[in-house]
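Residue numbers (full-length UniProt numbering): 1 to 318.
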């Protein structure tokens, strides 16, 4: 007889539910510096344009994220305990030190800046602190930061560049053993300039960049398996309807957006709501454009998956 599954404790379920109830469903308004070195430019474009549904994390995952924040505080306390001066907030705001780039459409928050490291006591270092499982930690020690954790490397480099610092330190903690690994790095200016130029291309683009993998089931395309953009990228799913997927809208300076149809700035709330005049960016439609009517403000497509005719145009769509 097959054994009955062990039921989840009501207490545990309640704890996870509490995390889910308090989660912030805030949609990323910028390209996060933490994702800037993402290999797939198309994924960055979809995220920036709010093309796919936002990720919904379960309570256990949300608690794991909170554990990472606790570990950051521990590392800061450890550094202060050995005599380092650690600045983890902006004195003018009382909040985390924030940096922006590309018209403020790229944004991130530093973990800290540090003075007094035993290896270089007088040098200011930008600090990035992460926790790892045992497998990830072993890979980091073996292959070093740039190779084993390219997203974290890009994050630290960009923070250094935007803060005008030429030294950084990456501190990692093994969650299984509490072993600490620290790696100091020098700023690679050319690397960051290329990274930010790539981000600017994505911000300015109206069409998605080329797919990283044409076949999402190929062995080398394993990352497509857990990408939240797979439905729209590979499975002909429709893009969400909001201002960022509309051909009338465009990003503007200061991390803002504007509507060309009504010649008006767009708040984050307005962007999420959209309006009846929405016309989908053609590059987000899984079909061939076969007609357009300027008077009715519609665009007609023949859909790739079904061959059906779809008329896009807000209230006039059929």
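Heads up, the beta-carbon is just placed ideally off N, CA and C, and yes, glycines get one too.
Keep in mind that this is a model prediction, so the values were computed, not measured.
Open item on the list: Need the endpoints of the alpha helix (DSSP H) that residue 179 sits in, please.
Closed with: The count along the chain shown starts at 1 and reaches residue 179 at position 179. Per DSSP, residue 179 belongs to no alpha helix (DSSP H) and is neither H nor E.
Task: Check whether residue 151 and residue 37 have beta carbons under 9 Å apart - done: Here residue 151 is taken as the residue at index 151 of the chain shown, counted from 1. Here residue 37 is taken as the residue at index 37 of the chain shown, counted from 1. Yes, they are a contact pair.
Task: Burial state of residue 226 (16 or more Cβ within 10 Å) - done: If you number the chain shown from 1, residue 226 lands on position 226. By the 10 Å Cβ count, residue 226 comes out exposed.
TODO: Measure the alpha-carbon distance for residue 10 versus residue 228 and round it to whole angstroms.
DONE: Position 10 of the chain shown, counted from the first residue, corresponds to residue 10. Position 228 of the chain shown, counted from the first residue, corresponds to residue 228. Answer to the nearest angstrom: the Cα atoms are 30 Å apart.
Open item on the list: Between residue 234 and residue 224, how many whole angstroms is the CB-CB distance? I'm expecting something under 8 Å.
Closed with: Within the chain shown, residue 234 is the residue found at index 234, counting from 1. Within the chain shown, residue 224 is the residue found at index 224, counting from 1. Yes, they are in contact, since the Cβ atoms of residue 234 and residue 224 sit about 7 Å apart, within 8 Å.
TODO: Figure out for me which residue from 97, 311, 287, 5 has the closest Cα to the Cα of residue 294.
DONE: Residue numbering aside, residue 294 sits at position 294 when the chain shown is read from its first letter. Selected option, being the one with the closest Cα: 311.
Task: Euclidean distance between Cα positions of residue 122 and residue 254 - done: Here the question's residue 122 lines up with position 122 in the chain shown. Here the question's residue 254 lines up with position 254 in the chain shown. So the alpha carbons of these two residues sit roughly 35 Å apart.
Open item on the list: Would you call the region 106 to 124 in contact with the region 70 to 86, where contact means no fewer than 3 C-beta pairs closer than 8 Å?
Closed with: yes
Open item on the list: Less than 7 Å between C-beta atoms, sequence neighbours within five positions excluded: which residues of the same chain meet that for residue 212?
Closed with: Along the chain shown, one-based indexing puts residue 212 at 212. For residue 212, where only same-chain residues beyond five positions count, the Cβ hits under 7 Å are 39, 40, 42.
Open item on the list: Taking only three categories from DSSP, how would you classify residue 11?
Closed with: Along the chain shown, read from residue 1 onward, the residue named residue 11 stands at position 11. If DSSP states are grouped into helix, strand and coil, residue 11 belongs with the helices.
Task: Separation of residue 217 from residue 275, as counted between CA atoms - done: On the chain shown, residue 275 is found 275 positions in, with the first residue counted as 1. On the chain shown, residue 217 is found 217 positions in, with the first residue counted as 1. Going by the C-alpha atoms only, they are around 37 Å apart.
Open item on the list: On the DSSP letters alone, give me the boundaries of the alpha helix (DSSP H) that residue 65 sits inside.
Closed with: In the chain shown, the residue the question calls residue 65 occupies position 65. Run containing residue 65: 59 to 81, per the alpha helix (DSSP H) assignment.
Task: Cβ neighbour criterion (16 or more within 10 Å) applied to residue 76 - done: Numbered from its first residue, the chain shown carries residue 76 at position 76. Label assigned to residue 76: buried.
Open item on the list: Would you call the region 167 to 178 in contact with the region 126 to 134, where contact means no fewer than 3 C-beta pairs closer than 8 Å?
Closed with: yes
TODO: Please name the residue in 239, 256, 181 whose C-alpha comes closest to that of residue 345.
DONE: Only positions 1 to 318 of the chain appear in this structure, which leaves residue 345 out of reach.
TODO: Sort out for me which residues DSSP pairs residue 289 with in a bridge.
DONE: What you label residue 289 is simply residue 289 of the chain shown in a count that begins at 1. Residue 289 is bridged to 301.
TODO: Starting from the Cα of residue 49, find the closest Cα among 299, 250, 72 and give me that residue.
DONE: In the chain shown, residue 49 corresponds to position 49, counting from 1. Selected option, being the one with the closest Cα: 250.
Task: residue 23 - DSSP class collapsed to helix/strand/coil - done: The residue given as residue 23 occupies position 23 in the chain shown. The answer is coil: DSSP assigns residue 23 none of H, G, I, E or B.
- [ ] Tell whether a beta-carbon distance below 9 Å holds between residue 58 and residue 27.
- [x] On the chain shown, position 58 is the one that residue 58 refers to. On the chain shown, position 27 is the one that residue 27 refers to. Not in contact: residue 58 and residue 27 (Cβ atoms no closer than 9 Å).
- [ ] List the residues that DSSP assigns as beta-bridge partners of residue 342.
- [x] Not covered by the structure: residue 342. The range shown for the chain is 1 to 318.
Task: Distance between residue 267 and residue 256 (C-alpha atoms, nearest Å) - done: Here residue 256 is taken as the residue at index 256 of the chain shown, counted from 1. Here residue 267 is taken as the residue at index 267 of the chain shown, counted from 1. Near 8 Å, if we compare the C-alpha coordinates of residue 267 and residue 256.
- [ ] Return the chain-ordered ranges of every alpha helix (DSSP H) run that is complete within the region 196 to 281 and spans a minimum of 4 residues.
- [x] 230 to 234, 268 to 273
Open item on the list: On the CB-based measure, 16 or more other CB atoms within 10 Å of its CB, does residue 304 come out buried or exposed?
Closed with: As a working note, residue 304 is residue 304 in the chain shown. With fewer than 16 other Cβ atoms within 10 Å, it is exposed.
Task: Pairwise C-alpha distance: residue 54 and residue 106 - done: As a first step, residue 106 must be located in the chain shown, where it is residue number 106. As a first step, residue 54 must be located in the chain shown, where it is residue number 54. The straight-line gap from Cα to Cα measures roughly 18 Å.
Task: Distance between residue 247 and residue 279 (C-alpha atoms, nearest Å) - done: For this step, residue 279 is matched to residue 279 along the chain shown. For this step, residue 247 is matched to residue 247 along the chain shown. Each residue's alpha carbon lies about 6 Å from the other.
- [ ] Output yes or no for whether 9 Å exceeds the beta carbon distance between residue 30 and residue 93.
- [x] What you label residue 30 is simply residue 30 of the chain shown in a count that begins at 1. What you label residue 93 is simply residue 93 of the chain shown in a count that begins at 1. Not a contact, by the Cβ cut-off of 9 Å.
Task: residue 300 to residue 194 span [Cα, whole Å] - done: Here the question's residue 300 lines up with position 300 in the chain shown. Here the question's residue 194 lines up with position 194 in the chain shown. Those two C-alpha atoms are separated by around 38 Å.
Task: Residue nearest to residue 44 in terms of C-alpha spacing, selected from 262, 204, 289 - done: Locating residue 44 in the chain shown gives position 44, counting from the first residue. Comparing Cα positions, the closest option is 204.
- [ ] Please work out which residues of its chain come closer than 6 Å, Cβ to Cβ, to residue 273, disregarding the five sequence neighbours upstream and downstream, and give them in chain order.
- [x] Start at 1 with the first residue of the chain shown, and residue 273 comes out as number 273. Once the five neighbours on either side are set aside, residue 273 has no close Cβ partner at all.
Open item on the list: Determine whether the beta carbon atoms of residue 281 and residue 221 lie at a separation below 9 Å.
Closed with: As a working mapping, residue 281 is identified with position 281 in the chain shown. As a working mapping, residue 221 is identified with position 221 in the chain shown. No, these two residues do not count as a Cβ contact at 9 Å.
Task: Candidates 109, 91, 252, 72: closest to residue 178 by CA position - done: In the chain shown, the residue the question calls residue 178 occupies position 178. If we check each option's Cα against that of residue 178, 72 comes out closest.
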